[in-house]
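In my numbering, the protein residues as written are 61 to 282. Glycine residues also receive a C-beta, built at the ideal position from the N, C-alpha and C atoms.
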């Protein structure tokens, strides 16, 4: 995490809870908070599904497989805004066999269209590292994988809508700057699609209209 970003959190009148099961990540965040004397951040080393506190906004970044679904479920349980950028959907079938399994597909919408075995096939095919550049010889295959991933993300969106808690739910993509490692000049910077850049957002009904509008504008949603 960038030091400047951490420092910017000091003046925000909110409390942040950072959850990660990785010991190394947990230690780094704790040290940075200590170094910069930041007191409005709590770090928890645990699984997302084991977190029991209440919150208003949930942000899940690259939570693997079902971890994204657990994060979204926690948000729905708390009637909280959610922003989820998922990762490694190919792990969902394996994770379904664990003690923490949850029902898939997530929504009634997709449940009425495909069976469980078809859903797991969809997960396997959607688990890609495609950059969707037209220069790729596998462009068509990459696009197909993208479409499969989009179906999985829309399944999560529909699950949120079916809960009756949200009236603003959308799916988008974030396109970050990536610098060509073979060139050091700033002119070599180009926009690329990250392979893990699908984002779903849900805003609860009880949030005011001006806030909903601002959130949609932040993601360039009309």
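Coarse secondary structure for residue i, derived from DSSP in three states
i, result
"residue 125", "coil"
"residue 271", "helix"
"residue 247", "Unreliable positioning characterises residue 247 in this predicted model, as indicated by a pLDDT of 44, which lies under 50. A coordinate reading is not provided."
"residue 206", "helix"
"residue 80", "coil"
"residue 200", "helix"
"residue 216", "helix"
"residue 234", "coil"
"residue 227", "strand"
"residue 260", "strand"
"residue 162", "coil"
Counterpart residues of residue i in DSSP-defined beta bridges
i, result
"residue 146", "123"
"residue 281", "Paired residue(s): none; residue 281 is not in a bridge."
"residue 101", "76"
"residue 174", "Beta-bridge pairing links residue 174 to no other residue."
"residue 182", "In the DSSP output, where bridge partners are listed per residue, residue 182 has none listed."
"residue 69", "Looking at the DSSP assignment, residue 69 forms no beta bridge with any residue, so it has no partner."
"residue 117", "141"
Pair within 8 Å by beta-carbon distance, residue i and residue j
i, j, result
"residue 111", "residue 138", "no"
"residue 81", "residue 105", "yes"
"residue 101", "residue 78", "yes"
Pairwise C-alpha distance: residue j and residue i
i, j, result
"residue 96", "residue 123", "27 Å"
"residue 277", "residue 120", "20 Å"
"residue 128", "residue 146", "6 Å"
"residue 75", "residue 264", "20 Å"
"residue 225", "residue 177", "29 Å"
"residue 271", "residue 209", "29 Å"
"residue 261", "residue 183", "20 Å"
"residue 73", "residue 206", "39 Å"
Neighbourhood of residue i by C-beta, 6 Å cutoff - its chain only, sequence neighbours within 5 removed
i, result
"residue 218", "167, 169"
"residue 180", "153"
"residue 221", "229"
"residue 165", "171, 179, 215"
"residue 70", "98"
"residue 130", "108, 109"
Close beta carbons around residue i, own chain, < 7 Å, minus the five adjacent residues each side
i, result
"residue 134", "108, 111, 118"
"residue 281", "230, 232"
"residue 136", "220, 223, 225"
Cutoff 8 Å; reference residue i; Cβ partners in own chain excluding five residues on either side
i, result
"residue 279", "230, 232, 259, 261"
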